[in-house]
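Going by the working numbering, the sequence shown opens with residue -3, and the numbers climb by one from there.
Glycine residues also receive a C-beta, built at the ideal position from the N, C-alpha and C atoms.
Keep in mind that this is a model prediction, so the values were computed, not measured.
A short write-up of the structure that comes next.
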Amino acid sequence: MLHQKVPTYGLKVEPYIDSKLRALRRKFNAIHKMLGKSKFGRDISTPTIKVDKKVYGDWYKDQKDARGL
């Protein structure tokens, strides 16, 4: 679409967008798995997840997609 509007624009943005989408999917899936566990809770008034530090640490070690959470 960008190439159609600006034909002289030589950058390819598709790999950048694909990379960002993959990272977003990984984080979404990690959070989805986290909320599926019974020891994890969600605070509706603020967009946060409530959990004990030890439980989170044990869960984090097993999840490779949870980097950066």
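Assigned secondary structure, residue i (DSSP; H/G/I helix, E/B strand, else coil)
i          : result
residue 40 : coil
residue 46 : strand
residue 53 : helix
residue 15 : helix
Straight-line gap, residue i to residue j (C-alpha atoms, nearest Å)
i          : j          : result
residue 62 : residue 45 : 14 Å
residue 26 : residue 59 : 7 Å
residue 13 : residue 64 : 19 Å
residue 24 : residue 56 : 14 Å
residue 16 : residue 43 : 22 Å
residue 11 : residue 49 : 36 Å
Minimum Cβ-Cβ distance from residue i to chain B less than 8 Å
i          : result
residue 33 : The structure shown has no chain B; it contains just one protein chain.
C-beta contact flag for residue i and residue j at 8 Å
i          : j          : result
residue 29 : residue 47 : no
residue 38 : residue 31 : yes
Limits of the alpha helix (DSSP H) - the one that residue i falls within
i          : result
residue 71 : Any property of residue 71 remains undetermined from this structure, which presents the chain solely from -3 to 65.
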